[in-house]
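Protein chains in written order, with the working numbering: chain A, 90 to 341; chain B, 90 to 341. Even for Gly, the Cβ is constructed at its ideal location relative to N, Cα and C.
2 protein chains.
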Amino acid sequence: MPNSALRRLPRVTEPAVEKISDKVAETGDTKSRILDAAEELFMEHGFEATSLRLITTAAGVNLAAVNYHFGSKEELFQAVLTRRLDPMNQDRLQLLTAYEADTAGKSGKGALTCEQIISAMFIPALKLARDHEQGGKNFLRLLGRAYADPAPFIREFLSNQYAEMITRFRAAFGRALPHLPREEVSWRLHFVMGALSYTLAGTDALKMIAQFHPEEVNNDELLLKRLAPFLAAGLRAPLQQASDAHQWFTEA
Amino acid sequence: MPNSALRRLPRVTEPAVEKISDKVAETGDTKSRILDAAEELFMEHGFEATSLRLITTAAGVNLAAVNYHFGSKEELFQAVLTRRLDPMNQDRLQLLTAYEADTAGKSGKGALTCEQIISAMFIPALKLARDHEQGGKNFLRLLGRAYADPAPFIREFLSNQYAEMITRFRAAFGRALPHLPREEVSWRLHFVMGALSYTLAGTDALKMIAQFHPEEVNNDELLLKRLAPFLAAGLRAPLQQASDAHQWFTEA
DNA sequence: GCTCGATTCAAACGATTGTTTGAAAACATC
DNA sequence: GATGTTTTCAAACAATCGTTTGAATCGAGC
């Protein structure tokens, strides 16, 4: 295990012609190279189907480096997630706080609009989607898939990572939609998070069929700008009364 | 390979006290026992993390039976999906056709409402959710997770399975929302499918936090009845004009 | 120059994976 | 009851997995 603090840079005396793998040469220290390669490969093949040998070869480091720096494959996966997820959720909370302070100062009784709350959720994700330099776009897909992964250690990890954010945003939506029961708000927040992560997961089977313009398929920015109004309208949908329930699924 | 047609029943002369595995004894012929066990275990652990030995032990059959009856692990997975997915999508198309014939006969110019089209998508899923006898509820979760699986053979399979259904429903939504550009309709249909499969996937990390009543967490019927109005409102959301785009994500 | 902790490396570990094999058993047909 | 096909079975296959080991190499501090 590394006591952190100091870490050696990769060997400088590399043979000039050497090509470590087919992938583009990674840069930075060993830990970052592993994280970068793992982020891309986990996104591409999933957790179980990605071997440590594939990751270390792509990163140009020794196989044992993963266990040395991260402890295990599972801990590596968590490190890949937490590197970007933690700052993103911090941004979300910070943005929500800024909005609340802003409207509270102006109109006294501050209740944000659904659009504002959704913006606080989406803008930090957009920042990653626009991050062409780093693997931000890769990460959004990886995150979307991690939600659906059945592995207990992944679900537990995400649950902890999102606990604070969910609580804060549920309260905000509750104030924005005071006519809705608290439980209905929880469900609709759940739908919002679901649609967001699913669409960000990206290369699903359905996109192939759905007749999109080619330049839009992998443009997360346009995607989020289409998704946001859709979800805002869903959040504001009138509450389904028990007496109206027969309107739905009458034949089921 | 089996020439199908006739298949032998499992051995009748079992020792009375024998307990093949910890799981409840499966019933039916070998092929069905494998499908049932695989459906539950794939749902629980995912495709990669589920070994054939785990499946065959739970089903009480020999390890080689999978390769004999299905050819490979991948083909087994496809068989598990197609067993319920094919009838469900057939039901959806049939229901949509029935609705269209009904309204065309009454009002001449027949354009279904969003609620009717969503019902045609949801009712067949509800039928599986209510199928307490068989593994219908398991299957919905398995299906939701299969959408997010990066394995190429899964994505290709689902793409083929859904091609006809997507085409038909996109046309229906297009007639129900004539003011929307065709591409916007495609995206919103994509959002609907995403929210549906994500919420059906079930045991995601977020449910743990979201403060649901315990009796509702695993009730797919209540879930769908809450999701349907949410999505119907989203589908009918006014089109986001380019001049209004600044309203969203101004700070991003 | 030497020591000491941090890091890298090649090699091997034991376990598990999906698949194949060939013989034994159960079946259907005559 | 013999024949031929279908199905089951125990055993082994080669490959790959995550992890561990112990020595080699590096950089910094005295």
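Query: Interface residues of chain A facing residue 316 of chain B [CB-CB closer than 7 Å]; Result: 280
Query: Run of the alpha helix (DSSP H) containing residue 327 of chain A, from where it starts to where it stops; Result: No alpha helix (DSSP H) holds residue 327 of chain A; DSSP gives it neither H nor E.
Query: Euclidean distance between Cα positions of residue 152 of chain B and residue 142 of chain B; Result: 6 Å
Query: Short Cβ contact (9 Å threshold) for residue 119 of chain B with residue 150 of chain B; Result: yes
Query: heavy atom of the ligand ADP below 8 Å from residue 120 of chain A C-beta; Result: This structure lacks the ligand ADP; in fact it carries no ligand of any kind.
Query: Neighbour flag for residue 283 of chain A against chain B, beta carbons, 9 Å; Result: yes
Query: Residue 323 of chain B and residue 280 of chain B closer than 9 Å at C-beta; Result: yes
Query: Nearest candidate by alpha-carbon position, reference residue 273 of chain A, set B:125, B:236 and B:318; Result: B:318
Query: Below-9 Å beta-carbon distance, residue 323 of chain A vs any chain B residue; Result: yes
Query: Continuous alpha helix (DSSP H) stretch holding residue 130 of chain B: start and end; Result: 119-134
Query: For residue 154 of chain A and residue 160 of chain B, the rounded distance between their alpha carbons; Result: 38 Å
Query: Minimum Cβ-Cβ distance from residue 159 of chain A to chain B less than 9 Å; Result: no
Query: C-alpha gap between residue 314 of chain A and residue 188 of chain A, whole angstroms; Result: 19 Å
Query: Buried/exposed call for residue 140 of chain B, threshold 16 Cβ in 10 Å; Result: exposed
Query: Residue 140 of chain A, DSSP secondary structure in three states; Result: coil
Query: Start and end residues, alpha helix (DSSP H) containing residue 248 of chain A; Result: 241-265
Query: Span of the alpha helix (DSSP H), counted from its first residue to its last, around residue 288 of chain A; Result: 271-290
Query: Cβ pair residue 165 of chain A, residue 127 of chain A closer than 9 Å; Result: yes
Query: Residue 132 of chain B versus B:238, B:202, B:245 and B:210, residue with shortest Cα-Cα distance; Result: B:238
Query: Members of the stretch 124-135 of chain A that neighbour chain B once the beta carbon cut-off is set at 8 Å; Result: 132, 133, 134 and 135
Query: Status (buried if at least 16 other CB within 10 Å, exposed otherwise) for residue 205 of chain A; Result: buried
Query: Contact list for the stretch 139-152 of chain B against chain A, Cβ threshold 7 Å; Result: none
Query: Nonlocal neighbours in the same chain, by C-beta distance under 7 Å from residue 320 of chain B, ignoring five residues either side; Result: 207, 281 and 284
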